[in-house]
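**Q** If you read the protein sequences in the order shown, they are chains A and B. To convert, note that position 69 of the first sequence is 69 in the working numbering; the numbers rise steadily by one, no gaps. To convert, note that position 87 of the second sequence is 199 in the working numbering; the numbers rise steadily by one, no gaps.
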Amino acid sequence: SAVISQKPSRDICQRGTSLTIQCQVDSQVTMMFWYRQQPGQSLTLIATANQGSEATYESGFVIDKFPISRPNLTFSTLTVSNMSPEDSSIYLCSVYTPTEAFFGQGTRLTVV
Amino acid sequence: SQQGEEDPQALSIQEGENATMNCSYKTSINNLQWYRQNSGRGLVHLILIRSNEREKHSGRLRVTLDTSKKSSSLLITASRAADTASYFCATDRSAGNKLTFGGGTRVLVKP
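Below you can see the structure in the form of structure tokens.
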């Protein structure tokens, strides 16, 4: 199992600013995943963060908008850059064993 | 992109009734998993069914998988108010690589 601490749990930000979300895992993991969940929608994978290499982004997501750091095997950050109201979502980090995914509690972001 | 579709999108039942929700997906899979999300928080894993399995039980949960139809169903028996949540199916195409989530079903269990 894995316990993931994610912060902040929520934030209200001005458009044009950036927010960095942090995730700490209680064990070493190779890959960490970042998801976006728009209001009333399902989870969409933003990128996969590997330690020691650049993140792999899914179609529709770019590094300039969502830069990711992965300095070690237990920690990752996702930055939402130059925010607009359309970025208002829940952002979730996750780790995945072969049989189960574990999630942080999510960051509820509102952009005004 | 989302792999699967779920139906219904929303379900309202009385406590004690059964809740059934369905998930369809598009490509071959290694396994399919179901998750619960309470009030926009982190997801919690409920059950996994492998592509060579047809049915699985865990407590009040029953999951079926039909790979020929590329569909799965989740049954919650004797529902409780605490079962009120959103339920998502997720498919794993290659055993531990990454998950693709369905659209979700919002379940409301009325006391």
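Glycine included, every Cβ here is placed at the ideal spot set by N, Cα and C.
Counting pairs of beta carbons, one from the segment 150 to 168 of chain B and one from the segment 121 to 136 of chain B, are three or more of them closer than 8 angstroms?
**A** The segment 150 to 168 of chain B is not in contact with the segment 121 to 136 of chain B.
**Q** Among the candidates A:Q37, A:V29, A:I21, whose CA atom is the shortest distance from the CA of T212 (chain B)?
**A** Out of A:Q37, A:V29, A:I21, A:Q37 has the C-alpha closest to the C-alpha of T212 (chain B).
**Q** With 9 angstroms set as the bound, which would you pick, yes or no: does the beta-carbon of G104 (chain A) sit closer than that to a beta-carbon of chain B?
**A** It does: the Cβ of G104 (chain A) has a partner Cβ on chain B nearer than 9 angstroms.
**Q** Please return the same chain residues whose Cβ sits closer than 8 angstroms to the Cβ of T97 (chain A), not counting the five positions on each side in sequence.
**A** Answer for T97 (chain A): A2, listed in chain order.
**Q** Can you give me the start and stop residues for the beta strand (DSSP E) that Y137 (chain B) sits inside?
**A** First-last for Y137 (chain B): undefined, no H or E at that position.
**Q** Return the first residue and the last residue of the beta strand (DSSP E) that Q22 (chain A) is part of.
**A** Its beta strand (DSSP E) spans residues 19 to 25.
**Q** Under the DSSP definition of a beta bridge, which residues are partnered with M32 (chain A)?
**A** In the DSSP output, where bridge partners are listed per residue, M32 (chain A) has A:A49.
**Q** Taking contact to mean 3 or more Cβ pairs, one atom from each stretch, closer than 8 angstroms, check whether the segment 98 to 111 of chain A and the segment 170 to 187 of chain B are in contact.
**A** Not touching, per the Cβ criterion.
**Q** Are the beta-carbon atoms belonging to S185 (chain B) and S163 (chain B) less than 9 angstroms from one another?
**A** Not a contact, by the Cβ cut-off of 9 angstroms.
**Q** For E100 (chain A), would you say it is in contact with chain B, using Cβ-to-Cβ distances shorter than 9 angstroms as the test?
**A** Cβ-Cβ to chain B under 9 angstroms: yes for E100 (chain A).
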